[in-house]
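Position one of the sequence shown corresponds to residue 22 (the working numbering), numbered consecutively onward. For glycine and all other residues, C-beta sits at the position ideal for the given N, C-alpha and C. Here the structure is a predicted model, which is why all the values come from computation and not from measurement. Take a look at the structure below.
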Amino acid sequence: MRTAIFGGSFNPIHNGHIQLARAFIDRLSLDRVLIVPTFVPPHKSGAKMADSGSRLEMCRIALENVPKIEVSDIEIRRGGASFTYLTLEELHALYPEDELFLITGADMFLSIEGWRNPETIFSLATICGVPRNDSDIGELMRHSERLRALGAKTEVFDAGIMTVSSTEVRRGVRSGGDISEL
């Protein structure tokens, strides 16, 4: 099977996340995308976060009727800081025959070689990057070449710019605005 891992804080999950997962299903002929809410995101320490159980439940509710997209509590069950290499090792052990893909936004794609144990990440999954805006695509393509020189398999995909962010959703909730389209 072809399985993608799409991790993040999902604080909260929004339509942009779902559209991105669906785009990757089509683009890479994926059998499934695992949405993996972090327990504690290492790059967002100190940020105001809903508790992990609430974020997990929001993901489950948002995705309960979306084909080929599943929610995994793998990082929440493990606890502690959510390091991608550990998640990939565990998923590889659970699904040894699966080809794994890791979906990242532009900022994460551009910094992945600085993550903990990047060589393990590179050996277990194809790293997929998506630009946040029109000017990101060239930078992502150049960085993709650098990652390949380090032994990574990469895919850069302009899936359309996500015009929604979790910050925007939280701001709308605080102000009492209509967030139904987000």
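Following the continuous beta strand (DSSP E) through residue i, name the residue where it begins and the one where it ends.
i, result
"P58", "R53 to P58"
"E120", "E120 to G126"
"A25", "R23 to G29"
"V87", "Looking at the DSSP string, V87 is not in any beta strand (DSSP E), and its letter there is neither H nor E."
"V151", "A146 to V151"
Taking the beta carbon of residue i as the centre, do at least 16 other beta carbons fall within 10 Å, making it buried, or is it exposed?
i, result
"L112", "buried"
"A83", "buried"
"S132", "exposed"
"D204", "Residue 204 is absent from the model: the chain starts at 22 and stops at 203."
"S165", "buried"
"G150", "buried"
"G37", "buried"
For residue i, does the three-state DSSP call read helix, strand or coil?
i, result
"L203", "Any reading at L203 must be qualified, since the residue scores a pLDDT of 46, below 50, and its modelled position is unreliable; no value is offered."
"I34", "coil"
"G135", "helix"
"R173", "Checking the sequence shown, residue 173 turns out to be Ala, not Arg. A173 falls in the coil class under three-state DSSP."
"G159", "helix"
"G101", "coil"
"L41", "helix"
Counting only the same chain and skipping the five closest in sequence on each side, list residues whose C-beta sits under 7 Å from that of residue i.
i, result
"M70", "S30 and N32"
"I97", "P58, F60, S73 and L77"
"R137", "F104 and Y106"
"M162", "V177"
"P139", "I133"
Ignore the nearest five residues each way along the sequence and tell me which others in residue i's own chain have a CB closer than 8 Å to its CB.
i, result
"C80", "F31, I34, I56, P58 and V92"
"L51", "R23, T24, A25, F45, K89 and F122"
"K141", "One point to set straight first is that residue 141 is Thr, not Lys, in the sequence displayed. Only Y106, L109 and E110 meet the Cβ criterion."
Determine the closest residue to residue i out of the options, with distance taken between C-alpha atoms.
i, options, result
"Y116", "A146, G159 and A173", "A146"
"A170", "A102, N138, D94 and E134", "E134"
"S103", "N86, S73, I39 and T175", "S73"
"S144", "G101, G37 and G172", "G172"
"S156", "I142, R99 and D179", "D179"
Can you list, in chain order, the residues of its chain whose CB lies under 6 Å from that of residue i, leaving out five sequence neighbours each side?
i, result
"D119", "M22 and T24"
"A42", "F27, V54 and I90"
"K174", "T147"
"Q40", "none"
Determine the extent of the alpha helix (DSSP H) in which residue i is found, giving its start and end residues.
i, result
"A83", "S73 to L84"
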